[in-house]
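Asks: Quick one: the structure is below, questions incoming.
Protein chains in written order, with full-length UniProt numbering: chain A, 1 to 286; chain B, 1 to 451.
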C-alpha cells in the first residue's frame, strides 16, 4: 500500500509537482488499493506520462518504461536470450557434454530481461509504465493480458516467474486505436481531460512561478476560450505552460492584441486554427 | 463489506448502464463494490469517480454515466432545507453565484429553484417536477447583463481577457441549466420508478443517436467526433491494407512453379498487388430530411481524404452538382457546411423536394466519366423519391461502370419500401446498408471502404 487515503494521494503528488484533480487522485488510490493496472486516456499533453513519473517519485520506486510502437514484439517487451553470449559459452567449454552445456546456457546469466520481466522480478517497489499502448499491434495486447491479470510471465526454459511484489502499472493511450475489451476489463479506466480553470491556474503558477498572478489568470482564460472553439487541435496543458514561459521570456506583463497575435503559434499548431482563433478573438481590430 | 441496500443499488445502476448499451461484466461490478468498500460512502464525488473508474471503458460513456449516477446516488433526499425564497431574491443570489463562479452555490440554487418553481400538478399520480418550467420562471439567460456588470465592476473590466467574458458567462449559465435539469430528474425519480427513468430520460451517447432524429446540438456534438473517428478508421484501413498487401495465392504461377517439383506445389506464390490508391465518389442527398446524416458522412470521408487518390463529392436534392471544392481540407466550416452547399450549388430545379430518379439520371449523364473501374461509389440517402420514377436504369449504368456501389440508408430496415421509399428497388441493384447512427457508420466505413 503506497497511500493511506485519497487526500494523501493529492498531497503527496503535489509535493512532486503534479497537481491531481479529484478524479485522478481517487483512481490512483483505487489502483493502489485494488492492485489493478491503471489505463489512462486523454488528449496529448495533459500529463498522462507525468502521472506515472510522479507516482514513481512518491513511492520511491523505480520507473520501468515500455514504449510501444508499431511492431513491438515479445523480444522487446518480455525477454530475450543473449545469443552471442550463449555461442561464446558453448565454444569456450569444448569438452563439456551436451547436457551440461544445455542447462548452463539457458540460465539467468544469459537472459536479457525486457521491461515487463524487469517490472515483475525483484522485491524493490516498481512502477511499470506502458506508454502509448494504442500504438502497439493487437498481438501485444494478448501478451499483456497474462502479465496484467496474474503478474506472471512464463519463460519455457526457466518456468513461470511470478511477481513477489506487484508493480504499480500505468498504461497510457491516445485512443488512436480502440483497445480490446479484454485489456480494458483488467484495468481501472481514467480519462484525464483538460483541467478546470482553477486547477490549471494552479498548475501554471507551480510550473512558471515567476509569472505574474493576474497574467497567469488571463493566460488560463484565453486558453479556455480557445478550447471552446471548434479547432483542429485545441491547446493542451503543455501548451498553456509553454505559452506562459514564452510570455515570461518576452517580458510581457499584460496581454494585449499584438502579444497574443505574435505568440499564438505557441498554442495552436495549424495555420487555419491560428486564423480562426485570431478572427474570433478580434486580433485584427488593432 | 457493503450493506445489502447499497449492493442492490449498485447492481441496478449497472443494469441501467447496460440498458444504454455499455458492456459491463460481473467482474467490473465486483471491482466497483470493492472500490466502494475501500472508499466508503462519505464523499459522493469520490464515489462517482470510483464507480466511473471501475465500470466505464471509454470517455464517451461518461456523459451517460453521470446522469444515471445522479439518479441512483442522489445528492440529497426530498426538498432542500432552505426557506422558500421569492423569485427576485433567488435571481439576485444566482447572479452573484454566476459572477463568482461558485459551482457549489449554483447547485444549491438549482435545487431551490426546482423546489420553488418547478412543481406542477396537484394529484399524486400526475404531479412532477419540470426543468423547463423552472427555467422559464427563473430565466437565467436574462441575468447575463447583470452578471457582466457585476464581474466588470469587481475586476475593473479592462485588459485583453475582458473580451472573453461574454462567452464565459454564457457557459456558466449553460452549466446552471444543466444543474437544474439534473435536479428535476432527481426529484421526479423520487416519485416514479427510478430504473424506468434511468433508461428513458437519460440521453444516449452521441454515437448511438439516430441521424434522422438528432437535434441541432446533438449533431454539433457528433461533428466534433469526426476527427477522432477518422483517425481510428485510418488506422483500421492501414491494418487492412497491410494484410491485403500480403496478398492471396496466385494459382497460375503456383502451378507453374510446381512443375519443377514434379507437380507438387511446394511453394505457394502470392499474387503481387500493384500499390494503388482507390478512388471514391460520394452521392449525397442533402434535402432537409436526411441532411444531418449526409453532412456528417461528407465530413468523415473528407477527413479520410489522404487515404484515397481522389475523392469527389456530389450533392443532390432533385438536381445534382459537384461540391468537392466546398469540402477542400481545412477550408470547410463544419457548422455551416450544409447551408453553404445548399445556397451555393444548383441542387433544385422546379421544386424543393428530393427526386432520386432525376438526380441520378443527371449524374450518369453529366458526370459519367467520374466513375471508372477503380471507383467505389457511395450513395447516401433514404431513397424516398416522392412518388416519382426511381430511374433504375441510371443506377444500373453507374453500377456497371464502377468497381463497387454501396448505398447507405439512414432509415431502419423495417421502413424500407414503405410509403414513397424506393429503397427495395435500389437494394435489388446495389448493396444497401442500414446506417442509423455514427456507430453503425463507423463500422460500415471500416468494412466497406476499399483498400
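C-beta: ideal position from N, C-alpha, C; glycine also.
Can you tell me which of the three DSSP states residue 147 of chain B falls into?
Replies: helix
Asks: Ordered along the chain, which non-local residues of its own chain (more than five positions away) have a Cβ less than 7 Å from that of residue 107 of chain B?
Replies: 179
Asks: Going by the CB atoms, is the gap between residue 20 of chain A and residue 30 of chain A shorter than 7 Å?
Replies: no
Asks: Under a three-way DSSP split, which group does residue 106 of chain B fall into?
Replies: In the structure shown, residue 106 of chain B adopts helical secondary structure according to DSSP, grouped into three states.
Asks: Anything in chain B within Cβ reach of residue 260 of chain A, meaning under 9 Å, just list it in chain order.
Replies: For residue 260 of chain A, the neighbours in chain B by C-beta distance under 9 Å run, in chain order, 160.
Asks: Give every residue of the same chain whose Cβ lies closer than 6 Å to the Cβ of residue 177 of chain A, excluding the five residues on either side of it in the sequence, and list them in chain order.
Replies: 134
Asks: With a threshold of 6 Å on Cβ separation, who are the neighbours of residue 322 of chain B within its own chain once the five nearest residues in sequence on each side are excluded?
Replies: 314
Asks: Have a look at B/285, B/127, B/131, B/110 and flag the residue whose alpha-carbon is nearest the alpha-carbon of residue 460 of chain B.
Replies: This structure leaves residue 460 of chain B out entirely; chain B is present only between 1 and 451.
Asks: Using a cut-off of 7 Å between C-beta atoms, extract the partners of residue 472 of chain B located in chain A.
Replies: Since the first and last residues shown for chain B are 1 and 451, residue 472 of chain B lies out of range.
Asks: Below 7 Å CB to CB, which residues in the same chain sit around residue 410 of chain B once its five sequence neighbours on both sides are set aside?
Replies: 211, 212, 290, 293, 382, 435, 436
Asks: Based on DSSP bridge pairs, tell me the residues matched to residue 310 of chain B.
Replies: Paired residues: B/279.
Asks: Is residue 430 of chain B near residue 401 of chain B, with beta carbons less than 7 Å apart?
Replies: Cβ distance not < 7 Å, so residue 430 of chain B and residue 401 of chain B don't count as in contact.
Asks: Would you verify that the beta carbon of residue 189 of chain A is, or is not, closer than 7 Å to some beta carbon of chain B?
Replies: yes
Asks: Report the option in B/115, B/58, B/60, B/12 whose CA atom is closest to the CA atom of residue 76 of chain B.
Replies: Considering only alpha carbons, the answer is B/115.
Asks: The beta strand (DSSP E) with residue 62 of chain A in it runs from where to where?
Replies: 62-67 is the extent of the beta strand (DSSP E) around residue 62 of chain A.
Asks: Beta-carbon of residue 63 of chain B versus every beta-carbon of chain A: anything under 7 Å?
Replies: no
Asks: According to the Cβ coordinates, are residue 343 of chain B and residue 318 of chain B closer than 7 Å?
Replies: It is not a contact, given that the beta carbons lie outside the stated cut-off.
Asks: Could you give the first and the last residue of the continuous beta strand (DSSP E) run that contains residue 432 of chain B?
Replies: 431-434
Asks: Answer with yes or no whether the minimum CB distance from residue 59 of chain B to chain A is below 7 Å.
Replies: yes
Asks: Taking only beta-carbon positions, decide if residue 211 of chain A is within less than 7 Å of chain B.
Replies: no
Asks: Once DSSP output is grouped into helix, strand and coil, what is the label at residue 360 of chain B?
Replies: Note: residue 360 of chain B maps to helix in three-state DSSP.
Asks: For residue 5 of chain A, count neighbouring C-beta atoms within 10 Å of its own C-beta (all shown protein chains included) and say buried if the count is 16 or more, exposed if not.
Replies: exposed
Asks: Let me know if residue 58 of chain A comes out buried or exposed under the rule of 16 or more other beta-carbons within 10 Å of its beta-carbon.
Replies: buried
Asks: I'd like the list of long-range same chain contacts for residue 1 of chain B, defined as Cβ closer than 6 Å, with 5 residues on each side in sequence excluded.
Replies: Here the model assigns residue 1 of chain B a pLDDT of 45, short of 50, so the residue's position is not dependable and the matter cannot be decided.
Asks: Who are the near neighbours of residue 285 of chain A in its chain, counting only those whose CB is closer than 6 Å to its CB and skipping five residues on each side?
Replies: Because residue 285 of chain A carries a pLDDT of 49, less than 50, the predicted location of this residue cannot be relied on, and the following value inherits that uncertainty. Here the set comprises nothing.
Asks: When you compare only the Cα positions, how much space is there between residue 60 of chain B and residue 200 of chain A?
Replies: Near 23 Å, if we compare the C-alpha coordinates of residue 200 of chain A and residue 60 of chain B.
Asks: Since residue 100 of chain A sits in a beta bridge, which residues does DSSP pair it with?
Replies: For residue 100 of chain A, which the question treats as bridged, DSSP gives no partner whatsoever.
Asks: Measuring straight from C-alpha to C-alpha, what distance separates residue 153 of chain A and residue 22 of chain A?
Replies: 34 Å
Asks: Do the segment 88-104 of chain B and the segment 134-146 of chain B make contact, defined as three or more Cβ pairs closer than 8 Å?
Replies: yes
Asks: Evaluate residue 42 of chain A with the Cβ neighbour count: other Cβ atoms within 10 Å of its Cβ, from every protein chain shown; 16 or more gives buried, anything less gives exposed.
Replies: buried
Asks: Can you confirm whether residue 14 of chain B, when its beta carbon is compared against all beta carbons of chain A, has any partner nearer than 7 Å?
Replies: It does not; no Cβ of chain A falls within 7 Å.
Asks: If you follow the alpha helix (DSSP H) that residue 243 of chain A is in, where does it begin and where does it stop?
Replies: 237-250
Asks: Can at least three beta-carbon pairs, one atom from the segment 111-122 of chain A and one from the segment 73-89 of chain A, be found at a separation below 8 Å?
Replies: yes
Asks: Check the Cβ-Cβ distances between residue 255 of chain A and every residue of chain B, and say whether any is below 7 Å.
Replies: yes
Asks: For residue 42 of chain A, does the three-state DSSP call read helix, strand or coil?
Replies: coil
Asks: If you reduce the DSSP assignment to three classes, tell me which class residue 113 of chain A lands in.
Replies: strand
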